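Below is one structure, written out as structure tokens, with a few remarks after it.
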Amino acid sequence: MISVKGYGATSKHSEIAALSFERQAIGDFDVLIDILYCGVCHSDIHTARSEWGAANYPVIPGHEIVGKVSQIGAKVSKFKVGDLAGVGVFVDSCRTCDCCKKGLEQYCEEGMVPTYNGMYRNSTLKTYGGYSSIYIIDEKYALHIPPTDQLAAIAPLLCAGITTYSPLRFADVGNGHQVAVLGLGGLGHMAVKFAASFGAEVTMLSTSASKEADAKRLGAAHFALSTDPAQMKALKGKFDFILNTVAATHDMNKMLDLLKIDGKMLLVGIPPEDCKIAAAKLISKRRSIIGSMIGGIAETQEMLDYCAEHHIVSDIEIIDIKDINTAYERIIKSDVKYRFVIDMKTL
Ligand code: NAP
Ligand code: ZN
Ligand code: ZN
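Spelled out as structure tokens, the structure:
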């Protein structure tokens, strides 16, 4: 075992504070990544605070990890020492079920192994995330990071990026589509960039009037305040797709009204409380809601390569690890522009 420094939560009420924990020794197929940057996802907060059910403490969050490979196991072939590497939301899966075979490891029938707050397969060892100095991962589940001078801004692609890229690709979003993005936070700002890059006309639906100029700079053609009934009424039946990234409980029925016939809500936000859907909202216009969870390893690599080719990165605010609790409070107040990334040198 290797003793590792990190930051994490010891209970649902605790602040995120310095902790030591142990990782497994490096195996034949593993790479050891010295973590340089780690993005801060709203899921880190949901998990650290047990908002999705009781977490297994201590929780070391962080699943938008980028760094440099500093050691490799004897049988590693995809990476060499010195390579840039990334870790996203999961670090293993069964590898044999239909989903795994199709490259949809995130939907593994036995359950993917999450990067933190999970258990390694056939083991009593827990997974701990990227608010830490190193990660050890099977090379099959690690990502190549194309050469860059903006490494910190690439970290959020490992979750916010792939979580929005994947449903937009699945739905074949492109030229001629009217797309609304609901919620301009970490996921939302990547959704605007991708939908615009794929050729759609994007409308930002936000509760924050102050974000209009940013939404347009990110690629939205239009902006509407989702709390203003007049503005919502004017958008009734306009959209082919709504990408819903909202992290808090909200009235989805009001949003379904904005979809045209056969319109689809691509749902990625996971509010802690369930939401009631009125059947008539779907039936009256053959609308549907499609849930989507991150993306598989091959698609995540495709997304990273697409971003490198199209000069897409996340808009970030780099923070010291000691400021993580303030960052959490700002995220909850929707005051994030548009992803916090921890500089792991400050650990
Ligand atoms: P975030 O940065 O906090 O962004 C969420 C945005 O939602 C806020 O910035 C805000 O934007 C809007 N919002 C907040 N409260 C609202 C309310 N009461 N009503 C309407 N809008 C509200 O969070 P994130 O990191 O992007 O994550 C978003 C959600 O996706 C979280 O629940 C997270 O756990 C989930 N997630 C899912 C996956 C997946 O695989 N499906 C992956 C990662 C994260 P405005 O100011 O513009 O209104
Ligand atoms: Zn995430
Ligand atoms: Zn599987």
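Whatever position you read off the sequence shown (first residue = 1), add 660 for the numbering used here.
C-beta atoms are modelled at their ideal positions from N, C-alpha and C, and glycine is treated no differently.
This one's a predicted model, so the numbers in the text were calculated from it and none came from an experiment.
- Contact between T867 and S710 is absent: CB atoms are separated by about 25 Å, not below the 8 Å threshold.
- The three-state secondary structure of H849, taken from DSSP, is helix.
- Collapsing the DSSP output to three states places A968 in a helix.
- For ligand 2, residues qualifying as neighbours are C701, S703, H723, V749 and C819, where qualification means a beta carbon closer than 6 Å to at least one of its heavy atoms (chain order).
- Remark: C-beta atoms of S826 and S952 approach each other more closely than 7 Å.
- Counted as a single uninterrupted DSSP element, the beta strand (DSSP E) harbouring D798 occupies residues I794 to D798.
- Here the C-alpha atom of A958 lies approximately 43 Å from the C-alpha atom of A890.
- Within the region 803-885, the complete beta strand (DSSP E) runs of at least 3 residues fall at 838-842, 861-866 and 882-885.
- With a cutoff of 6 Å, V751 does not count as near ligand 1, since its C-beta is closer than that to no heavy atom of the ligand.
- With a cutoff of 7 Å on beta-carbon distance, I984 and I676 are scored as near each other.
- Around the C-beta of M925, 16 or more other C-beta atoms lie within 10 Å, and the residue is accordingly described as buried.
- L916 places its beta carbon less than 7 Å from that of R947.
- With fewer than 16 other Cβ atoms inside 10 Å of its own Cβ, R877 counts as exposed.
- Per the DSSP secondary-structure output, I693 pairs in a beta bridge with V729 and Y795.
- In terms of Cα proximity to H970, the closest of A855, S730, L785 and K941 is A855.
- Here the region 802-810 lies against the region 741-748, with 3 or more beta-carbon pairs under 8 Å apart.
- With 16 or more other Cβ atoms from the protein chains shown falling within 10 Å of its own Cβ, G789 counts as buried.
- According to the DSSP assignment, L916 belongs to the alpha helix (DSSP H) that extends over M912 to L916.
- In the DSSP annotation of this structure, the continuous segment of the alpha helix (DSSP H) that includes I943 starts and ends at A939 to I943.
- Between ligand 3 and E769, a heavy atom-to-CB distance of less than 6 Å is present.
- Between the C-alpha atoms of D758 and P774 there is a straight-line separation of about 19 Å.
- Between ligand 1 and A908, a heavy atom-to-CB distance of less than 6 Å is present.
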